[in-house]
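Asks:
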Amino acid sequence: MELLLPNPANSTPLTTLGFLDRAATAYGDSPSIVYNNVSYTWLQTHCRCLQMASSLTSLGIQRGQVVSVVAPNVPSMYELQFAVLMSGAVLNNINTRLDAHTLSILLQHSESKLVFVDHHSSSLVLEAISLFPRNTKHPQLILIDDEMVSSGSKSTSSTSHFLDYYEGILEDGDPKFKWVRPKSEWDPMVLNYTSGTTSCPKGVSLSHRAIFIKTMDALVDWSVPNQPVYLWTLPIFHANGWSFPWGMAAVGGTNICLRKVDPSQIYRLIKQHKVTHMCGAPV
1 MELLLPNPAN STPLTTLGFL DRAATAYGDS PSIVYNNVSY TWLQTHCRCL QMASSLTSLG
61 IQRGQVVSVV APNVPSMYEL QFAVLMSGAV LNNINTRLDA HTLSILLQHS ESKLVFVDHH
121 SSSLVLEAIS LFPRNTKHPQ LILIDDEMVS SGSKSTSSTS HFLDYYEGIL EDGDPKFKWV
181 RPKSEWDPMV LNYTSGTTSC PKGVSLSHRA IFIKTMDALV DWSVPNQPVY LWTLPIFHAN
241 GWSFPWGMAA VGGTNICLRK VDPSQIYRLI KQHKVTHMCG APV
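Structure representation (structure tokens):
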């Protein structure tokens, strides 16, 4: 038998982003995200991620540039695990527990072009930006106002340093945007950093191929069934939530978002939503 060579029909680059396309088709009317009084279906999540990816492109974000996120496990954090990547950018989830000095070093080293900032972390990020050397270009900032999504009221955080609110940026996007696919499965997908416990944070970049394999491995190893209910007790910034943001799209799961680890709330959500899976970072 002759050697089989790669061609466009048999060698599409491996990427977990295609899981969201499939989820919108296979699980379109099923719940994707639940958070307080906010809920979305997989079709809605797909559209919202495309809108944000479109807006990022309109803001000048280019393939291979770094976009950072400083946020807890709220719906926007989940959406950005797809939207940033669908714009062609590299995703950099940042530990919300870092101090301003460490965060400043990380943002400078990564050459982040844009940072999504949860309103509870706005002061921290602004302090980190203030520590940049003079004449160093700062990343653009977008404010995630969690309360605005759930109650319709904007936070009282100062917004003068921010380009816009998350929802405002998203609404300007095109839900029919043709997302930017990786040219190669070896293209960088995410950029993660250590917490800088012993020295400056150390960064590691993972490819689309690596994340795809890790995601599938996690699903198979845990025998995750179709349409589980996953409670986000594990920070998504912790090793990309062990790849379960993409894994839940692959199996059409329901993501129960959780702003902070609170035992009473965890028990309530487990009972209310009949949670089947959850993870916890070792301490």
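The numbering of the sequence shown is UniProt numbering, which starts it at 1 and goes up by one. Cβ coordinates follow ideal geometry from the N, Cα and C atoms, glycine included. Here the structure is a predicted model, which means the values were calculated and not measured.
Quick one: which unbroken alpha helix (DSSP H) runs of 4-plus residues sit fully inside the segment 75-123? Chain order, please.
Replies: 75-86 and 100-110
Asks: Which first and last residues belong to the beta strand (DSSP E) in which Gln140 is found?
Replies: On the sequence shown, position 140 is the one that residue 140 refers to. Gln140 -> beta strand (DSSP E) spans Gln140 to Ile144.
Asks: What are the uninterrupted segments assigned as alpha helix (DSSP H) that are 4 or more residues long and contained completely in the segment 171-233, given in chain order?
Replies: 208-221
Asks: Find out if the Cβ-Cβ distance for the pair Gln65, Lys113 is shorter than 8 Å.
Replies: Translated into the one-based positions of the sequence shown, residue 65 becomes position 65. Translated into the one-based positions of the sequence shown, residue 113 becomes position 113. Yes.
Asks: Assuming the contact rule is C-beta atoms closer than 8 Å, Leu91 and Val67 should be a hit. Round their C-beta distance to whole Å, please.
Replies: Within the sequence shown, the letter at position 91 stands for residue 91. Within the sequence shown, the letter at position 67 stands for residue 67. Contact flag correct, Cβ pair sits at about 6 Å.
Asks: Below 8 Å on the Cβ atoms is my contact criterion, and I expect Ser122 with Leu103 to pass it. Report the Cβ-Cβ distance as a whole number of Å.
Replies: Working through the sequence shown from its first residue, we reach residue 122 at position 122. Working through the sequence shown from its first residue, we reach residue 103 at position 103. Ser122 to Leu103, Cβ: 12 Å. No contact.
Asks: Per DSSP, what kind of secondary structure is Asp164 in: helix, strand or coil?
Replies: Translated into positions along the sequence shown, residue 164 becomes position 164. The answer is strand: DSSP assigns Asp164 an E or B state.
Asks: DSSP on Pro245, reduced to helix/strand/coil?
Replies: By 1-based counting over the sequence shown, the position of residue 245 is 245. Helix, per DSSP.
Asks: Answer yes or no: do Pro245 and Thr15 have a C-beta to C-beta separation smaller than 8 Å?
Replies: In the sequence shown, counting from the first residue as 1, residue 245 sits at position 245. In the sequence shown, counting from the first residue as 1, residue 15 sits at position 15. No, these two residues do not count as a Cβ contact at 8 Å.
Asks: Can you tell me whether Asp118 is buried or exposed? The criterion is at least 16 other CB atoms within 10 Å of its CB, across all chains shown.
Replies: Taking the first residue of the sequence shown as 1, we reach residue 118 at position 118. Asp118 is buried by the Cβ-count criterion.
Asks: Is Val38 helix, strand or coil by DSSP?
Replies: Reading the sequence shown from its first residue, position 38 is the one you call residue 38. Strand at Val38.
Asks: Apply the 10 Å Cβ neighbour rule to Ser191 and answer buried if 16 or more other Cβ atoms are within range, or exposed otherwise.
Replies: Within the sequence shown, numbered from 1, the residue matching residue 191 stands at position 191. The sequence given here has Leu at residue 191, not Ser. Classification of Leu191: buried, given that the 10 Å Cβ count is 16 or more.
Asks: If we ignore side chains and look at the alpha-carbon of each, how far apart do Glu79 and Glu2 end up?
Replies: Mapped onto the sequence shown, residue 79 falls at position 79. Mapped onto the sequence shown, residue 2 falls at position 2. Straight-line Cα distance between these residues: approximately 44 Å.
Asks: Tell me, please, whether the segment 271-282 touches the segment 227-237 by the rule of three or more beta-carbon pairs shorter than 8 Å.
Replies: yes
Asks: Could you pull out every residue in the same chain whose Cβ sits closer than 8 Å to the Cβ of Lys176, ignoring the five residues on either side in sequence?
Replies: As a first step, residue 176 must be located in the sequence shown, where it is residue number 176. Cβ neighbours of Lys176 beyond the five flanking positions: Leu50.
Asks: For His273 and Met86, what's the separation of their Cα atoms in angstroms?
Replies: Here residue 273 refers to the residue found at position 273 of the sequence shown. Here residue 86 refers to the residue found at position 86 of the sequence shown. C-alpha separation (whole angstroms): 30 Å.
Asks: At what residues does the alpha helix (DSSP H) containing Ile266 begin and finish?
Replies: Here residue 266 refers to the residue found at position 266 of the sequence shown. Start and end: Pro263 to His273.
Asks: Taking the CB atoms as reference points, tell me whether Ser30 and Thr41 lie closer together than 8 Å.
Replies: As a first step, residue 30 must be located in the sequence shown, where it is residue number 30. As a first step, residue 41 must be located in the sequence shown, where it is residue number 41. Yes, the Cβ-Cβ distance between Ser30 and Thr41 is below 8 Å.
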